[in-house]
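One line per chain: the protein sequences are A and B, in this order. 1 is the number of the first residue of the first sequence in the numbering used here; add one for each residue after it. 1 is the number of the first residue of the second sequence in the numbering used here; add one for each residue after it. Each residue gets a CB set at the ideal place from its N, CA and C atoms; glycine is no exception.
Number of protein chains: 2
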Amino acid sequence: MRVIYNEQMAGLAQLLGEMAGLAGSAMDRATQSLLQADLTLAEQVITEYDRISEMISDVEERTFALLALQAPVAGDLRQVVAAIQMVNDVNRMGALALHVAKVTRRRHPNHAVPESVNGYFAEMGRIAVSMGESAKEVLETRDPERAAQLNQQDDAMDDLHRHLFTLLMDRDWKYGVAAAVDVTLLGRYYERFADHAVEIGRRVIFLVTGVLPPDEDSEA
Amino acid sequence: MRVIYNEQMAGLAQLLGEMAGLAGSAMDRATQSLLQADLTLAEQVITEYDRISEMISDVEERTFALLALQAPVAGDLRQVVAAIQMVNDVNRMGALALHVAKVTRRRHPNHAVPESVNGYFAEMGRIAVSMGESAKEVLETRDPERAAQLNQQDDAMDDLHRHLFTLLMDRDWKYGVAAAVDVTLLGRYYERFADHAVEIGRRVIFLVTGVLPPDEDSEA
């Protein structure tokens, strides 16, 4: 039983990691579609979200089967419960990339974001992709130090998000209300993407150390 | 074992229901604070979120104990797994009420929302509160028809949300960019609150019927 459990658990962690990586690469392409008003790229992200959705169902069934057939206890059980929680986070990360792609599609052939704000989204996209990669590594290696680094990346994301609001609230904002609405929503999508990656890090830290780090969610 | 399991599971469902009710009443007060620019009420919602957070940890520990000590199988196991998933939804519902209250606080002593838009938020607030109540009933009664009704309430919320965007995108919007940013974020908070309530309904339908209804999330 133990061998089967270990194999299945490793498979589950790998699948979760793969999904985090996919969410990151979806956010990468979504960001490119946004910056270049590239409809084809946006459509690609939208179509490929189905793949993440299918993997979600697969992971949910696997966690259930693990509980039902292996009846894990103690630390093993904690791992499966954490997987059930984290699958929601990777799912949301994928959905948020999808939302960014949908903004691109909605505004095409126009650019959703004024050119002078592009730099912010390029950087938020870069951080998001890197956090997707970090989450993937953390899921695969369960390295708590690596997991804690997600907080620093999240801080950088929050800084950019705050700057973005400063720009929006400035009397010199000259791109009108429609662009402000898009920029507001987009900013929130990137920020939430980062929050979910941080949440994965917290869960892994809890698994390894037994202590759940405080929720430093910038929103709370 | 069976009796203990049933008791513990009923206790868990009741606690989840209570939390959904709390999230609904938090959204009620948050909406009032928003419409009346009432700082005291906003602070109350912000402080009371701590109570929801504590209940979250309590529920998480209980689900874990249930799995560890009772090793439920089949339908019983599905219930516990669903509880683990739904606790995240009620947590987010509470956090979204918190966000609304924080917008009130940030703009105090000004009103965050232009008077002519108040009616929209009053109505979105009303629907949110009612969905919190519905989610509570659904968790307590596990009535799949009641759960399906959450979709209709969500449709009403989505309609309002779309109208709100039409207002924002109108050239006649005369309240400036800052108000548009607040209205955009607030609209999203109410819409997400509704989505989480719907998600609880879907999980309950799955538990009772064995079929997970399609994700009709308006965003996807």
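The alpha helix (DSSP H) runs lying completely inside the segment 36–117 of chain A and spanning 4 residues or more are 39–70, 74–107, given in chain order. Scanning chain A for C-beta atoms nearer than 9 Å to the C-beta of I84 of chain B yields V81, I84, Q85, reported in chain order.
Residue state for P213 of chain B is assigned as coil, using DSSP reduced to three classes. Bounds of the alpha helix (DSSP H) holding R146 of chain B are 144–169.
Excluding the 5 residues flanking it on each side, H161 of chain A has same chain C-beta neighbours closer than 6 Å at G187, E191, in chain order. Not a single CB atom of chain A sits nearer than 8 Å to the CB of M55 of chain B. With contacts defined as CB atoms closer than 8 Å, T63 of chain A and L139 of chain A fail to qualify as a contacting pair.
Around the beta carbon of E145 of chain B, fewer than 16 other beta carbons sit within 10 angstroms, so the residue counts as exposed.
V87 of chain B sits away from A23 of chain B, with the two beta carbons spaced by 8 Å or more. Residue environment for P109 of chain B: exposed (fewer than 16 other C-beta atoms within 10 angstroms of its C-beta). If you draw a 10 Å sphere on the C-beta of E199 of chain A, you find 16 or more other C-beta atoms in it, and that means buried. Within the segment 174–200 of chain B, the residues whose Cβ lies closer than 7 Å to any Cβ of chain A are, in chain order, V177, A178, A180, V181, T184, L185, R188. Proximity of the segment 4–21 of chain A to the segment 32–49 of chain A falls short of the contact definition, fewer than three beta-carbon pairs being nearer than 8 Å. For the options B:P114, B:R202, B:R142, B:R105, the alpha carbon positioned closest to that of V183 of chain B is the one of B:P114. With a threshold of 8 Å between beta carbons, M169 of chain B makes contact with chain A. DSSP places D172 of chain B in the coil class of the three-state scheme, outside both helix and strand.
Between R78 of chain B and L207 of chain B, the beta carbon gap of about 6 Å places them in contact (Cβ cut-off 8 Å).
Look at the beta carbons and you see the segment 162–172 of chain A not touching the segment 18–37 of chain B: under three pairs across the two are nearer than 8 Å.
One thing to note: A179 of chain B has its Cβ no nearer than 8 Å to the Cβ of V100 of chain B. Shortest Cα-Cα distance from D154 of chain B to any of B:A128, B:G119, B:M55, B:A82 involves B:A128. By the 16-neighbour rule on beta-carbons within 10 angstroms, V211 of chain A is exposed. Residues of the same chain with a CB within less than 8 Å of the CB of F121 of chain A, apart from the 5 flanking positions on each side, are T31, L34, L35, V113, L186, Y190 in chain order.
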